[in-house]
Amino acid sequence: MGGRVCREEAKEEKRRGPGREDSLMSADKIRRFTKQSGHNVLSLARRGLKDAPGELWELLELEKLNLSLNNLKALPPQMALLSNLLVLNLWGNQLGSLPAEIGQLRRLRVLFVYRNRLTEVPEELGACTQLEVLSLANNQLSSLPASLSNLTKLRKLNLSHNLMTHLPGCIYSMKALVFLDLSCNRLENVAENIQALLELKILIMEGNHLHSLPRGLCFLTRLELLNLDFNYIRDLPEEMHHLSRLDKLACHPLDKGLHIVHNPLMKPLKEVMEGGLGALFNYLRSGGE
1 MGGRVCREEA
11 KEEKRRGPGR
21 EDSLMSADKI
31 RRFTKQSGHN
41 VLSLARRGLK
51 DAPGELWELL
61 ELEKLNLSLN
71 NLKALPPQMA
81 LLSNLLVLNL
91 WGNQLGSLPA
101 EIGQLRRLRV
111 LFVYRNRLTE
121 VPEELGACTQ
131 LEVLSLANNQ
141 LSSLPASLSN
151 LTKLRKLNLS
161 HNLMTHLPGC
171 IYSMKALVFL
181 DLSCNRLENV
191 AENIQALLEL
201 KILIMEGNHL
211 HSLPRGLCFL
221 TRLELLNLDF
231 NYIRDLPEEM
241 HHLSRLDKLA
251 CHPLDKGLHI
261 VHNPLMKPLK
271 EVMEGGLGAL
281 FNYLRSGGE
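Numbering (the UniProt record's numbering), first residue to last: 1 to 289.
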């Protein structure tokens, strides 16, 4: 998510040339700059900003705003004025929180806040019901507010590299999710409610503290990639053979299939898996005999 951002910013940096930041001193001048970047689009990435320029909040027509890779520690309530925003990119800053006013950005579809210092997410974010992509990765989050259960259009959610010991209950209501990354947290278990996420195609839970898997996981028959590497799993549910779209035992992080290396699997499972995923599913289908 946001993988092309760095390349785009590098091109933009070359195109702008030196001294451009000195010219952004009024709303009118920023508007002229947005016309160079694209209609209603503004990138102020990599400018060493400690505060967002006050003139920014006069650009009520903005639809896409990129403030990534700066030194922002906070955003003012005035951000609510940008009510036409569809995409807001804040990754790579020093934000310790998001203002409650973010909930007034009712048209927002994409929000990147990864690689910041968030310890919590405001309840008001649940009012952004048009959100389709949300990345909160690489923060210090241990939970999410229940209000995020309103994000029923969310398709991609990245919560990797946080401090979560359990899956926030609101996630089980995000039934449009096709991508869910929970890697490198402290998850100890996943509730049976996971079966509600029937649209999931990619589920990443590597690098947690999982000792077992819920049977409800086996109802996610659209799964094409299930990453369980680097956990403490000893056994697998018999019903796991229903995940027929997992077509192989995968090793490379980007490969589709079942990832389950570096788990203390019990001996029978470990031996059976030497025959590949088909052998594993046959074993589970037969009840482990």
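Think of the CB as a built atom: it goes at the ideal place given N, C-alpha and C, for glycine as much as any other residue.
Contact check for ASN93 against ASN116 passes: the beta carbons are separated by less than 9 Å. Taken through DSSP and simplified to helix, strand or coil, VAL133 comes out as strand. Per DSSP, the beta bridge partners of HIS166 are ASN189. For the UniProt domain "Disease resistance R13L4/SHOC-2-like LRR" (54 to 161), the full-length beta strand (DSSP E) segments reaching 3 residues or more read 64 to 66, 87 to 89, 110 to 112, 133 to 135 and 156 to 158 along the chain. Per the coordinates, the alpha-carbon of LEU144 lies some 19 Å from the alpha-carbon of LEU105. Rounded to the nearest angstrom, the gap between the Cα atoms of LEU60 and PRO253 is 41 Å.
Distance between ASN71 and ALA45, taken at the CA atoms: about 10 Å.
Contact between ARG107 and GLN130 holds: CB atoms are separated by about 6 Å, below the 8 Å threshold. Across the set LEU280, LEU95 and GLY103, the C-alpha of LEU280 shows the shortest separation from the C-alpha of PRO268. Three or more Cβ pairs drawn from the segment 240 to 254 and the segment 203 to 220 lie within less than 8 Å of each other, which places the two stretches in contact.
Taking LEU81 as the centre and dropping the five residues before and after it, the same chain places the C-beta of TRP57 and LEU60 closer than 7 Å to its C-beta, in chain order.
Remark: C-beta atoms of LEU284 and LEU258 do not approach each other more closely than 9 Å.
Cβ contact annotation for VAL113 (same chain, cutoff 6 Å, sequence separation greater than five): LEU90 and LEU136, in chain order. The C-beta of GLU206 has 16 or more other C-beta atoms within 10 Å across all chains shown, which makes the residue buried. Between LEU163 and ASN185, the gap from beta carbon to beta carbon is short of 9 Å. Approximately 15 Å separates the beta-carbon atoms of LEU213 and LEU180; this is outside 8 Å, ruling out the contact.
A straight line joining the alpha-carbon of HIS211 with that of GLN78 spans about 46 Å.
Taking the CA atoms as reference points, ASN158 sits about 34 Å from GLU271. Taking each of GLU120, SER83 and ASN138 in turn and checking the Cα distance to LEU98, the smallest one comes out for GLU120.
Around the beta-carbon of HIS161, 16 or more other beta-carbon atoms lie within 10 Å, marking it buried.
The beta carbons of ALA74 and LEU95 sit about 7 Å from each other, so the pair counts as a contact at 8 Å. Residue pairing for GLY216: DSSP places it in no beta bridge.
For LEU180, the enclosing beta strand (DSSP E) starts and ends at 179 to 181.
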